[in-house]
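Okay, so here's the structure we're looking at.
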Amino acid sequence: MRPLLASLPLIALLGGCSYLPTWDSLPSLPSVTGEKVLGVLTPYRVEVVQGNVLTKEMVARVKPGMPKAQVRDLLGSPLLTDIFHESRWDYVFTIRRQGAAPQQRLVIAQFDGDKLKSLDVPDDLPAENDFVAAINTFKPDGKQPKLELSEAERGALPPPKRSAEAAPTAAAEGPAPGRVYPPLDAKPGTGS
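Residue numbering for the sequence shown follows the working numbering, starting at 3 and increasing by one per position.
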């Protein structure tokens with residue numbers, strides 16, 4: 003009789019499983035790489051910045067006919083150089099930040115020998131100020147606190163109250179009542 007009573011919860015549990023929906027009909031949970039896990043938690047994502055930041059101002063200084071060394075001085079070392087295509091330098095920039103769309107830009111420098119032949123620049127290459135604004139995650143709320151009063155507001159303030167007698171200083175009063183300190187040169191245990 004006892005084994006039968008002990009097996010009843012197991013039978014009820016197995017019977018309840020038959021009423022569960024099939025695996026295919028369950029809603030899929032977003033992966034850890036998704037925006038939210040279980041619709042509640044947002045996982046932390048490490049900011050990944052790779053490559054060379056190139057702006058319109060930097061690219062405007064580079065002119066065809068410049069030697070490789072001068073191009074490297076102006077744009078920095080290329081992210082990709084290929085031993086099979088020594089006449090091509092790839093400047094790749096990618097940034098992936100939490101809460102922002104990933105950015106990727108590719109600038110290709112083609113050389114003829116040691117001289118720059120052409121520079122392939124994407125149309126969406128930002129200016130320096132635009133780039134800084136795009137990666138800045140600190141957005142002030144627009145309302146700045148007032149830091150000083152106008153002349154009219156200062157004039158409307160009541161004058162400070164001045165007492166007839168000057169307040170005594172702490173040095174003139176001596177130590178506070180109830181605080182007695184031993185002299186610094188007394189030897190411990192002598193009681194003086």
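Ideal Cβ positions, reconstructed from N, Cα and C, are used throughout, including at glycine.
Considering residue i, what are the terminal residues of the beta strand (DSSP E) in which it resides?
i, result
"residue 157", "It is not in any beta strand (DSSP E) - residue 157 instead sits in the alpha helix (DSSP H) that spans 153-158."
"residue 164", "Per DSSP, residue 164 belongs to no beta strand (DSSP E) and is neither H nor E."
"residue 82", "82-84"
"residue 53", "50-53"
Span of the alpha helix (DSSP H) holding residue i?
i, result
"residue 133", "130-137"
"residue 75", "70-77"
"residue 58", "58-62"
Quick one: using the 10 Å Cβ neighbour count with 16 as the cut-off for buried, is residue i buried or exposed?
i, result
"residue 213", "Past the boundaries of the shown model lies residue 213; the chain is included only from 3 to 194, so the question cannot be answered."
"residue 86", "exposed"
"residue 182", "exposed"
"residue 111", "buried"
"residue 97", "buried"
"residue 93", "buried"
"residue 107", "buried"
"residue 73", "buried"
"residue 118", "buried"
"residue 101", "exposed"
"residue 53", "buried"
Taking the C-alpha atoms as reference points, what is the distance between residue i and residue j?
i, j, result
"residue 17", "residue 11", "10 Å"
"residue 99", "residue 81", "20 Å"
"residue 13", "residue 7", "10 Å"
"residue 157", "residue 163", "15 Å"
"residue 179", "residue 185", "17 Å"
"residue 68", "residue 62", "13 Å"
"residue 135", "residue 143", "15 Å"
"residue 89", "residue 137", "32 Å"
"residue 121", "residue 149", "50 Å"
"residue 15", "residue 103", "47 Å"
Since residue i sits in a beta bridge, which residues does DSSP pair it with?
i, result
"residue 111", "91 and 121"
"residue 146", "BP columns for residue 146 are empty, so no partner."
"residue 100", "Answer is none; residue 100 lacks a bridge partner."
Tell me, to the nearest whole angstrom, how far the beta carbon of residue i is from that of residue j; I am working on the premise that it is less than 8 Å.
i, j, result
"residue 44", "residue 130", "Incorrect: roughly 31 Å between the Cβ atoms, too far for contact."
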